Amino acid sequence: MPTKTVAFVRESIYLDALQYRQASGRAGRRGFDVQGHVVFVDIPLSKVSHLITSAIPNIRGHFPTNVTFLMRLLQLHSNAVDSKNAINRSLIALQYPLIAQPPINHNLIDAQTRLHTLFTLDFLYRLNLLDRHGNLIGLAGLLTHLHYFEPANIVLVYLMDTQYFHLVSDSIEIMTTFAYLFTYMLWLITRKEDAELNEKRQENKYSSELFLPPVSQEFRKHVDTYNSIVKDVYECYIENITKYLRSMNTGQEEVLPLSNTSFAQQSNYDNGTFEYNLHYHQSQQIQNLSISPFASLSGLTHEFFMSHYNSTIGSWDLAYNLDLSSKIVPYVDIDCRDHTNIAYYLNSYGLDFFKQGSEASLITENGLSRADTYDLLFNLHLVLSSVKTSLEVIIENENQQTTINDLAIFLPLYKSLSNIQNIFARNFKKQYPSRNQI
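Numbering (this note's numbering), first residue to last: 223 to 660.
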């Protein structure tokens, strides 16, 4: 809404050039003010200069579908009064995304969207979230409600469906599970800084854990089983989309990027040259169509790629630039490894607040900024409250069933998770008594 003066108060990681221009453009009311004013309060001059002089980032499209988005389209169709209108709206969202507008991307994005939808339906059916008629069942409602935490929301529903929380009675272990799934904040420190931080923690007798403790064997077992389902489904997706793109005979994956030499069409290269090796491996690639001819020089196979799958690497070793982000292929890495396969530490702010209920300790010990602490804790509070409310609705519906119900499963689950939510909510409301009550 237009206003005479726009003020930016305090620095935030969310304030970038795009946000600045969107907000400052509303300074000055047409017909009322000759000019508008933009005021910066408690923001360093270097940051102000950066905001004013930085170029606006380019608008980029995103892949049109993911697991949760597809579930929401199915829910739209199931609840719609006019089913034809719901189908048309869904098809428009899937068939005309911004990322597919350039002709060079259209065939690739269109093929990915169609095949990804097909294999995602199979994935949802295996997780007991979809029946054979395409209707959402089970805990699908909770999953779609937590869509902004994908793929953590899918793993949470899988853990609840496989009765993982029935096997865990320790509240700290349950909260650690939620922290691993929903509080993904890294410690960006070196090994030397890690040693110094641990030494400082012992000297000052910090009450915070600082780093999330290792996961339990039971939690790892369930997540590994979930990841095996993901690999089983989406490795077929990768193979089929690659076969389809190769069948179009574009030859894109057979051309060297700098010299533009097509090694697939000629075989008269000198023995031992790079082009000769590429041509030889191309002829041996029948069993590994998904792997790039360049990556196959190292002996990489499709089976090895999937068995050592790393969601942060994506499609670097594949023949085509496929979108394999965690929202497209909902793989979860609880070992916390980057694209170089080096492990990193996760901040334990969620677990520490659950145990202590102190914002001050999170700022002084966990290294959180005062501007971001509330938002981080509120997001976790929102997740726990959503889980509790969803279970209450499910139990209420189960009580109204005249046939066999699942109360024996949901009542113990509600008891354990509602206890976690009550403790966290009590700490949150005590720390922030006058802000955003749920």
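A virtual CB, placed ideally from N, CA and C, is assigned to each residue, including glycine. All values derive from a computational prediction rather than experimental measurement.
Span of the beta strand (DSSP E) holding residue i?
i: histidine 259; result: 259-263
DSSP beta-bridge partners for residue i?
i: valine 445; result: In the DSSP output, where bridge partners are listed per residue, valine 445 has none listed.
i: phenylalanine 230; result: Phe262
i: tyrosine 566; result: Its beta-bridge partners do not exist; DSSP assigns none.
i: alanine 665; result: The requested residue 665 is not part of the displayed model; the chain covers only 223 to 660.
i: isoleucine 513; result: Leu540
i: leucine 573; result: In the DSSP output, where bridge partners are listed per residue, leucine 573 has none listed.
i: valine 609; result: Paired residues: none, contrary to the question.
i: leucine 408; result: Leu568
Rounded C-beta distance between residue i and residue j? I'm assuming under 8 Å.
i: proline 279; j: alanine 245; result: About 15 Å separates the two Cβ atoms, so there is no contact after all.
i: methionine 397; j: isoleucine 642; result: 6 Å
i: valine 261; j: arginine 232; result: About 12 Å; that fails the 8 Å criterion.
i: lysine 226; j: histidine 259; result: 7 Å
i: phenylalanine 291; j: tyrosine 459; result: That pair is no contact at about 16 Å.
i: glutamate 457; j: leucine 511; result: At roughly 12 Å, the Cβ-Cβ gap does not stay under 8 Å, so glutamate 457 and leucine 511 are not in contact.
i: serine 607; j: alanine 647; result: 7 Å
If I follow the unbroken alpha helix (DSSP H) through residue i, where does it start and stop?
i: alanine 245; result: 239-246
i: tyrosine 380; result: 374-383
i: threonine 534; result: Note, threonine 534: premise wrong, no alpha helix (DSSP H); not H, not E.
i: asparagine 644; result: 629-653
i: tyrosine 402; result: 393-404
i: glutamate 363; result: For clarity, residue 363 is glycine in the given sequence; the question names glutamate instead. Looking at the DSSP string, the run of the alpha helix (DSSP H) that includes glycine 363 is 362-367.
i: tyrosine 386; result: 386-389
i: glutamate 581; result: 581-586
i: asparagine 301; result: 289-301
i: leucine 273; result: 267-275
Measure from the alpha carbon of residue i to the alpha carbon of each residue in the options, then state which is nearest.
i: phenylalanine 650; options: Leu633, Phe575, Ala582; result: Phe575
i: leucine 296; options: Leu316, Leu358, Thr342, Leu273; result: Leu358
i: arginine 243; options: Met293, Ala401, Ile274; result: Ile274
i: lysine 652; options: Ile314, Gly579, His299, Asn532; result: Gly579
i: aspartate 332; options: Ala315, Arg348, Asp344; result: Ala315
i: glutamine 334; options: Leu573, Gln622, Asn543; result: Asn543
i: phenylalanine 516; options: Lys610, Ser533, Leu540, Ala308; result: Leu540
i: serine 300; options: Leu352, Arg336, Tyr596; result: Leu352
i: aspartate 597; options: Arg348, Phe230, Ala229, Tyr236; result: Tyr236
i: cysteine 558; options: Thr625, Val452, Ser533; result: Ser533
i: tyrosine 636; options: Phe526, Val609, Ser450; result: Val609
i: tyrosine 428; options: Ser481, Ser570, Arg294; result: Ser570
i: alanine 630; options: Leu343, Glu440, Asp383; result: Asp383
i: tyrosine 566; options: Asn482, Thr523, Tyr402; result: Tyr402
i: proline 634; options: Glu421, Gln623, Thr625, Glu614; result: Glu614
i: leucine 434; options: His603, Gly572, Arg336; result: Gly572
What's the call for residue i, buried or exposed, on a 16-neighbour Cβ count within 10 Å?
i: asparagine 588; result: buried
i: methionine 470; result: exposed
i: phenylalanine 371; result: buried
i: isoleucine 616; result: buried
i: methionine 223; result: exposed
i: glutamate 618; result: exposed
i: threonine 399; result: buried
i: isoleucine 394; result: exposed
i: valine 256; result: exposed
i: glutamate 431; result: buried
i: histidine 444; result: buried
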